[in-house]
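According to this note's numbering, the sequence shown is numbered sequentially starting from 431.
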Amino acid sequence: MTTVPNWLAFVGLVVPAATGLAGYVLAGRNDRARDERAAAREAIARRASVSERLEEQRHAFQRQTLLELQDVLQRMVRCTAKVILHDQQTLKESGTLTQVGEELSNESYEIGVATRRLQERVLDPALRGAAEQFRAHVTGHELSAVALRELSADDALKRLEAQLRDLNGQYVVISDLVGASLRVELGWLPSEVPAAPSA
């Protein structure tokens, strides 16, 4: 029978146990690293999902804002045209300007407030500025009655006719701008989300 030194027998027992223990520790580290990579991928996917959802909501909100702005601008032009036509009619009938009725005055005020609110929601600064400029332009037409009182009836009628043409021309410009922005929003599609890296 062969005699194995004690130290060699001890090594024969310890080495497999140490190897198994080292393998267990390394497997645990690999599992933890894999779990950390999976958690990082999930966090990236969640952020991308939230970001995509917010972008979709922003575009939907902007589309709705532009549709409402389009409607309120048309109402503003019609209301202002009613004021101009009222002034023309009173000048032709009585040779002087009279106050517009309370209903038309209230309608004009409410439309102005609605326009201001909607224009502030527009993300495009150029369109927002154009809407503000148009609103100020319309307000100028409504406030021009003071200057018209200083003119003769014929000159005031000519000025009102020019204001009506100017109002329509300005409306066509702002309407085209809103329509172009609206078409961009209607054509928007979410961008493709890149695939997450594999483990």
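All C-beta atoms in this analysis are idealised placements derived from N, C-alpha and C, irrespective of residue type, glycine included. Keep in mind the model is a prediction, meaning the values are calculated, not measured.
CB contact check: residue i to chain B, cutoff 7 angstroms
i, result
"Gly542", "The structure shown contains no chain B; it holds only a single protein chain."
Test item: CB-CB of residue i and residue j under 7 angstroms
i, j, result
"Val530", "Val513", "yes"
"Val602", "Gln500", "no"
"Glu615", "Gln492", "yes"
"Ile604", "Ala577", "no"
"Arg579", "Leu515", "no"
"Arg558", "Val552", "yes"
"Asp554", "Ser611", "yes"
"Gly525", "Ala575", "no"
"Gln549", "Glu537", "no"
Closest residue to residue i among the options (Cα-Cα distance)
i, options, result
"Glu618", "Ala468, Arg462, Glu472, Glu485", "Per the sequence presented here, residue 618 reads as Trp, with Glu not at that position. Answer by Cα proximity: Glu485."
"Arg565", "Leu515, Asp584, Ala592, Ala544", "Ala544"
"Arg613", "Pro555, His489, Ala457", "His489"
"Arg505", "Gly525, Tyr539, Ala478", "Tyr539"
"Leu573", "Ala583, Ile474, Gln593", "Gln593"
"Arg508", "Arg483, Leu534, Asp461", "Leu534"
"Ala586", "Leu548, Asp517, Gln549", "Asp517"
"Gly542", "Ala556, Thr510, Glu532", "Thr510"
Contact between the segment 516-524 and the segment 488-501 (3+ Cβ pairs under 8 angstroms) = Too few Cβ pairs lie closer than 8 angstroms, so no.
query = Curious, which full-length alpha helix (DSSP H) runs of at least 4 residues does the segment 522-595 contain?
reply = 532-551, 555-572, 575-579
inquiry  = With three or more C-beta pairs closer than 8 angstroms as the rule, is the segment 552-571 touching the segment 592-600?
reply    = Here the segment 592-600 lies against the segment 552-571, with 3 or more beta-carbon pairs under 8 angstroms apart.
Length at least 4, wholly inside the segment 488-512: the alpha helix (DSSP H) runs in chain order = none
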